[in-house]
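Here the structure is laid out as structure tokens; the discussion comes afterwards.
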Amino acid sequence: MWAKLLVATGPLAWISLAVLLVCSTIVLAEDQLTNSDSEAIDVLPTFHVYGFRIHPGQERGPVPVKTPWPVIPSSLLGEELDDRVVVRFLVDAAGGATPVILEPASHQELTNATMSALRQWTFLPKLRGDVPVESELTVRIHFRTR
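At position 5 of the sequence shown the residue is numbered 5 (this note's numbering), and the sequence of numbers has no breaks.
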């Protein structure tokens, strides 16, 4: 009977039936959501992992804290660059760092800009267990423009 009625009324009846089915599905889904909202949810307190003690045999660091990045000098702006500087940091037990150039850039201006920025870097010292120790860290800075 419904099939004869739908065929007799044409496409409008099919559209009405589709809308009715979609609305029924939405109402059922909303009903399920409200039922599940009434269930109690256990929420665990937030905790942070940073700061857990390190076991005596473990090491951590050095950890960079302040790392201002070198700025390309104005004399090289507009040029196509593909250059790098490799620097080794000697980090003392207090976190002070001394940068030493291992591989300078082919442009002296980039090497100078890199050194002036890297002299401002600060670190948390390397820890061996709970004891701060001296360490080294190698950093490669790549300059690329197009």
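Beta carbons are placed, not taken as given, at the ideal position from N, Cα and C, and that holds for glycine.
Are residue i and residue j closer than 8 Å when you measure CB to CB?
i	j	result
P62	P125	yes
R60	L137	no
P104	R119	no
Look up residue i in the DSSP assignment and give the residues it is bridged to.
i	result
R60	L127
V133	K126
I141	V85
Out of the options, state which residue places its alpha-carbon closest to the alpha-carbon of residue i.
i	options	result
A117	I141, S75, V131, P132	I141
Q58	R146, V133, R144, V139	V133
T145	E79, V65, P70, S74	E79
R84	S135, A94, L110, A97	L110
L76	D130, S106, P64	S106
Out of curiosity, what's the CA-to-CA distance linking residue i and residue j?
i	j	result
H48	L81	The predicted position of H48 is uncertain, since its pLDDT is 43 and thus under 50; a value taken from the coordinates is nonetheless stated next. One C-alpha to the other measures close to 42 Å.
I72	F143	8 Å
F155	D92	Outside the shown range of the chain, which is 1 to 146, sits residue 155, and nothing can be said about it.
V139	S74	24 Å
M115	D130	31 Å
Y50	A97	Unreliable positioning characterises Y50 in this predicted model, as indicated by a pLDDT of 48, which lies under 50. The coordinate reading is nonetheless provided below. Rounded to whole angstroms, Y50 to A97 spans 23 Å at the Cα level.
F89	P64	11 Å
G95	V87	17 Å
Q108	W121	21 Å
N112	L102	13 Å
P70	S135	23 Å
Looking at chain B, is there any beta carbon in it that lies within less than 8 Å of the beta carbon of residue i?
i	result
H142	In the structure shown, chain B cannot be found, because there is only a single protein chain.
(message) Extract the residue ranges of the beta strand (DSSP E) inside the segment 75-111, only unbroken runs of 3 or more that lie entirely within it.
(response) As far as the segment 75-111 is concerned, its whole beta strand (DSSP E) runs of at least 3 residues are 82-91, 97-103.
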